[in-house]
Amino acid sequence: MEEGLRRFIAVCVALTGFDSVELTGTGIAELYRATLEKWVGPVIAAELLAFGTEPPPDETVVRNGIMSDAKLGPVARNLIALWYTGLWTPLPSEWYLAYQTEIPNPPDITNAETYIPSPESYIQGLVWTAAHTHPMGAKQPGFGTWAQEPDPAPKGGRR
Amino acid sequence: MSEGQYDVVIVGAGIAGAIMAKELTRAGKNVLLLEAGVSTDMTWEGYESSLTTFYTSVNKEPESPYPNNPNAPQPDVLDIGQPNGTGYFIEIGAQPYGSTYVRRAGGTTLHWLGGCPRMLPEDFKIQTLFSVGRDWPITYDELERDYALAEMEIGVAADVEDQEYLGVHFPPGYVYPMYRIPQSYSDQFLGSRINGMEVDVNGTKRQLYVRSSPSGRNGIPNPHYVSPRGEKGYTPVGAVNPAPEGQQYAKDLGQRCAGNTNCIPICPIQAKYNALKTLQSADGTRLEIRTNSVASKIIIDPDSGRVTAIEYKAYDDPEVPEYEVKRASGTFYVLAAHAVENAKLLLASGAARTSGQVGCNLMDHPVVIRWGLMPQDVGSYRGPISTSGIEDLRGGPFRARHAPTRGEIGNDGWFWPSNGPVSTVTEGVNRMNLFGRKLRDYIADVVPRQFRIVFLVEQLASPTNRITIDPKWLDALGNYRPVIQYNIDDYSLAAMAVANRVCNQMFRRAGIEDWTDPNNGLHTVVEFDGEQFAWGGAGHFAGTHLMGASAHDSVVDSFQRTWDHDNLYAVGSGSFPTIATSNPTLTLAALSFRTARELVRRLQ
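Chains as they are written, first to last, in our numbering: chain F, 61 to 219; chain H, 66 to 669.
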């Protein structure tokens, strides 16, 4: 796997609670890496990807270095939402104002709206897997499955 | 076929128009079907494109797979309560009208839930029995065989034993085309906690039961089925796929519901009935369908009062407001364009004016929405959107004082009440500051317990709840947009309060943690006796050209023929004098069979 993508997935493992096999298996990691770079530029993306260590960073490192960081926190929360729901919500204009010098060729955000980068983004949303079900309108489980007692959703997935 | 040779000109390719077209063509009559919207979903490829549109829609509201067409505009859930000019409806009443419909071939069956309860026998005579509302000019027993025909056409899955309550009855030995759809685990859990719970509704004591809902979705065929026409057995109808023999790739798709949990807005495999299935089984040699053709005026001979033509505007591109005015002529004319569109067309044509009731008596089912967390994992977001209901409060002596109500139990978690599970992710990430495995654990704990129930409340016909037209408000083709005046009266509000109290009792008995928040910004709020309710529309339009026993106080007769124009029929739920508590599609389908039979008789 290309090093940038490997790092991207490693960061996303720490952010989402899904392991690298699960994330790679969605088939959309590369699209999400491109989505990230499209909206925050390569410099800030690289800063986030620097946390993509092997083994992945522990919770304290993520909390201190990413989630509570004014620059990387909003980006990481957006990325989590993207993975879980397929939705990319524009970062606030204040964020762009604060970090514009670190974004070469900044994207046009004047009419930016929440969007779903591809049909697969919705279908591969992690929220459905986390909730031990299927995306509404896709990955049909089959006739009568809903009448059966659900398998308990495994806490934290496969460890 | 050239102009003027049609036996019947039908306006609207939804379920009512499709049943009329099928029945008439199969009886050897020539039919022209005008459809205002596009034909996208009539092919498998087109239907798939609507599914893709749904996947990439940020807001997955009922209209999301079916984008607005400015030349045949439609209401959108996202426009409800917004300033006039934002959406299709112009709202001038105390409350916004909470429901929407689809204007394209297939109509609103493209995004209907599929609920197929029959009306109760008492629903047809509430004026006689309870001194409220109006009586129908027909009885349950007169409509019974047409109900069975509608159940055949839609392909209803249900067990008769579940559906015999509050006077609903069936002929001896009757079975539905398919066995009932399995009730969800969530329904079973709720039933295990509340079945038999006694409620007191203003002196009427009732025990509540979680009961399987009759559904227009494919299940296991009942081998004992015999149609009202004597045909034995039933074969589920899968996806619509007009293609040469051997190339109908999707033909066998959707012969069983696969639990996509997406009946609204789009069943990916068409296991849920839609009107395109009926349309494809019409006699195609006698049926001409013209889509992109918006009926704009009914042409009436002033001397005889007979309709001589339907004027319509034919366009090519939905985004380009260029059109050609054309006329279509036949022996009979059927408006099957939707309760709102039928009323608009009648009003725009100055038709059926004697009673003064065209456009009046607009009804819906105001829906009380409640939500909470189940005490254990019930596997939410699995199965068809609803597999069970609470039917025990649909009828009774309390109707003299307040409306009856029907509970619909969801399998779709908090999707309707709070845009779950997306909102659950947002809550976890942005407010609870969760990430990684703790976020995943939180989702795993909460989402499979999310539960909602809604109670649909009857609304009486009122002349002040109405559709009008105003030359100030036109669409891209210069056709009228509906101006809606709507309110919910105390008769319905009192029933919403009853439903709310029943929910409180049910939640306490089942141990459901109440998370109902009427002010979460996603719902309209009404108050009654100091209580606030989150409410929404049910998509159940009715009453804009209601039927009755006299030309003086109703628009159509019991065959849906307009009293004023001998060869003009207005069909659909617009003909309902009462909406009662049942989802209206089955009843309007039954009425369509009745009207088709009458037209075949008149054409002999």
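C-beta: ideal position from N, C-alpha, C; glycine also. These figures come from a predicted structure and were not determined experimentally.
Among the options, nearest to residue i - alpha-carbon criterion
{"i": "asparagine 565 of chain H", "options": "H:Trp600, H:Met107, H:Pro440 and H:Gly198", "result": "H:Trp600"}
{"i": "methionine 571 of chain H", "options": "H:Phe516, H:Ile553, H:Leu653 and H:Ala417", "result": "H:Phe516"}
{"i": "aspartate 442 of chain H", "options": "H:Glu376, H:Thr650, H:Ser249 and H:Glu110", "result": "H:Ser249"}
{"i": "valine 590 of chain H", "options": "H:Asp106, H:Gln147, H:Gln139 and H:Gln160", "result": "H:Gln160"}
{"i": "proline 130 of chain H", "options": "H:Cys332, H:Leu504, H:Lys503 and H:Trp479", "result": "H:Cys332"}
{"i": "valine 636 of chain H", "options": "H:Pro482, H:Tyr299 and H:Val405", "result": "H:Val405"}
{"i": "histidine 617 of chain H", "options": "H:Leu318, H:Gln422 and H:Pro449", "result": "H:Gln422"}
{"i": "arginine 282 of chain H", "options": "H:Val221, H:Asn260 and H:Gln312", "result": "H:Val221"}
{"i": "glycine 295 of chain H", "options": "H:Phe119, H:Lys503 and H:Arg210", "result": "H:Arg210"}
{"i": "aspartate 582 of chain H", "options": "H:Phe598, H:Arg574 and H:Leu664", "result": "H:Phe598"}
{"i": "arginine 169 of chain H", "options": "H:Glu207, H:Ala416 and H:Asn357", "result": "H:Asn357"}
{"i": "valine 264 of chain H", "options": "H:Arg626, H:Arg667, H:Arg573 and H:Ser647", "result": "H:Arg573"}
{"i": "methionine 217 of chain H", "options": "H:Ile155, H:Ala575, H:Leu341 and H:Ser292", "result": "H:Ser292"}
Proximal chain F residues relative to residue i, where beta-carbon distance stays under 9 Å
{"i": "histidine 249 of chain H", "result": "The displayed chain sequence assigns serine, not histidine, to residue 249 of chain H. Ordered by position in chain F, the residues that pass the 9 Å Cβ test against serine 249 of chain H are Trp206 and Ala207."}
{"i": "leucine 504 of chain H", "result": "Leu75, Thr76, Gly77, Ile140, Tyr144 and Ala190"}
{"i": "arginine 245 of chain H", "result": "By Cβ distance, chain F contributes nothing, its closest Cβ being about 11 Å from arginine 245 of chain H, past 9 Å."}
Contacts around residue i, its chain only, beta-carbon distance under 7 Å, and the 5 residues preceding and following it disregarded
{"i": "methionine 66 of chain H", "result": "A caution first: methionine 66 of chain H carries a pLDDT of 41, below 50, which makes its placement in the model too unreliable to give a value."}
{"i": "alanine 562 of chain H", "result": "Phe593, Asp594 and Glu596"}
{"i": "alanine 172 of chain F", "result": "Pro150"}
{"i": "threonine 84 of chain F", "result": "Ile69"}
{"i": "isoleucine 285 of chain H", "result": "Met243 and Tyr244"}
{"i": "valine 71 of chain F", "result": "Leu108, Leu109, Phe111 and Gly112"}
Alpha-carbon to alpha-carbon, residue j and residue i
{"i": "threonine 533 of chain H", "j": "asparagine 407 of chain H", "result": "12 Å"}
{"i": "arginine 218 of chain F", "j": "glutamate 596 of chain H", "result": "Residue placement at arginine 218 of chain F cannot be trusted, given a pLDDT of 43 that sits under 50; the coordinates are not used to answer."}
{"i": "serine 164 of chain H", "j": "asparagine 339 of chain H", "result": "19 Å"}
{"i": "proline 288 of chain H", "j": "arginine 91 of chain H", "result": "26 Å"}
{"i": "leucine 139 of chain F", "j": "alanine 74 of chain F", "result": "11 Å"}
{"i": "glycine 87 of chain F", "j": "glutamate 154 of chain F", "result": "33 Å"}
{"i": "asparagine 260 of chain H", "j": "proline 135 of chain H", "result": "49 Å"}
{"i": "lysine 199 of chain F", "j": "leucine 318 of chain H", "result": "14 Å"}
{"i": "phenylalanine 203 of chain F", "j": "proline 449 of chain H", "result": "10 Å"}
{"i": "leucine 109 of chain F", "j": "aspartate 168 of chain F", "result": "23 Å"}
{"i": "valine 123 of chain H", "j": "leucine 157 of chain F", "result": "26 Å"}
{"i": "phenylalanine 624 of chain H", "j": "glutamine 669 of chain H", "result": "17 Å"}
{"i": "glutamate 119 of chain F", "j": "threonine 76 of chain F", "result": "11 Å"}
CB contact flag (residue i, residue j, <8 Å)
{"i": "valine 233 of chain H", "j": "leucine 185 of chain H", "result": "yes"}
{"i": "isoleucine 363 of chain H", "j": "leucine 410 of chain H", "result": "yes"}
{"i": "asparagine 476 of chain H", "j": "threonine 650 of chain H", "result": "no"}
{"i": "tyrosine 92 of chain F", "j": "lysine 131 of chain F", "result": "no"}
{"i": "isoleucine 549 of chain H", "j": "isoleucine 157 of chain H", "result": "yes"}
{"i": "valine 103 of chain H", "j": "proline 383 of chain H", "result": "yes"}
{"i": "alanine 401 of chain H", "j": "alanine 81 of chain H", "result": "yes"}
{"i": "tyrosine 162 of chain H", "j": "arginine 183 of chain H", "result": "no"}
{"i": "threonine 105 of chain H", "j": "glycine 111 of chain H", "result": "yes"}
{"i": "alanine 607 of chain H", "j": "isoleucine 644 of chain H", "result": "yes"}
{"i": "alanine 347 of chain H", "j": "alanine 86 of chain H", "result": "yes"}
{"i": "asparagine 149 of chain H", "j": "valine 372 of chain H", "result": "no"}
{"i": "tryptophan 201 of chain H", "j": "methionine 612 of chain H", "result": "yes"}
{"i": "arginine 66 of chain F", "j": "glycine 125 of chain F", "result": "no"}
{"i": "tryptophan 538 of chain H", "j": "arginine 531 of chain H", "result": "no"}
Neighbouring residues, chain F, relative to residue i (Cβ below 7 Å)
{"i": "isoleucine 331 of chain H", "result": "Gly197"}
8 Å Cβ cut-off: residues of chain H touching residue i
{"i": "leucine 96 of chain F", "result": "Chain H residues near leucine 96 of chain F: none, gap ~16 Å exceeds 8 Å."}
{"i": "valine 122 of chain F", "result": "Phe500 and Gly501"}
{"i": "methionine 127 of chain F", "result": "Asn498 and Phe500"}
{"i": "leucine 147 of chain F", "result": "Val123 and Val487"}
{"i": "isoleucine 183 of chain F", "result": "Tyr120"}
{"i": "threonine 161 of chain F", "result": "By Cβ distance, chain H contributes nothing, its closest Cβ being about 27 Å from threonine 161 of chain F, past 8 Å."}
{"i": "valine 81 of chain F", "result": "Under the 8 Å cutoff, chain H gives no residues; its nearest Cβ is about 15 Å from valine 81 of chain F."}
Contact set for residue i: own chain, Cβ-Cβ below 8 Å, skip 5 residues either direction
{"i": "leucine 194 of chain H", "result": "Glu187 and Arg464"}
{"i": "glutamate 68 of chain H", "result": "Interpretation of glutamate 68 of chain H is limited by its pLDDT of 49, a score under 50 that renders its predicted location unreliable; the figure taken from the coordinates is listed afterwards. Answer for glutamate 68 of chain H: Arg392, Ala393 and Ser394, listed in chain order."}
{"i": "threonine 452 of chain H", "result": "Ile246, Pro247, Gln248, Ser249, Asp252, Ser277, Ser278, Ser280, Ile474 and Asn476"}
{"i": "leucine 116 of chain H", "result": "Pro130, Ile331 and Pro333"}
{"i": "threonine 419 of chain H", "result": "Ala616, His617, Trp628 and Asp629"}
Listed by chain order, chain H residues near residue i by CB distance under 7 Å
{"i": "arginine 137 of chain F", "result": "Val494 and Asn495"}
Contacts around residue i, its chain only, beta-carbon distance under 6 Å, and the 5 residues preceding and following it disregarded
{"i": "valine 680 of chain H", "result": "Here chain H has residues from 66 to 669 only, and residue 680 of chain H is not among them."}
{"i": "leucine 504 of chain H", "result": "Gly493"}
{"i": "valine 519 of chain H", "result": "Val432, Ile434 and Glu473"}
Cross-chain neighbours of residue i in chain F, by beta carbon under 8 Å
{"i": "phenylalanine 119 of chain H", "result": "Gly197"}
Contacts that residue i makes with chain H (C-beta to C-beta distance below 9 Å)
{"i": "glutamate 119 of chain F", "result": "Phe500, Gly501, Arg502 and Lys503"}
{"i": "isoleucine 176 of chain F", "result": "Tyr120, Thr121, Ser122 and Val123"}
Notebook entry, point to check: Between the segment 311-324 of chain H and chain C, which residues of the former have a C-beta closer than 8 Å to a C-beta of the latter?
Noted result: Absent here is chain C; the protein component of the structure consists of chains F and H.
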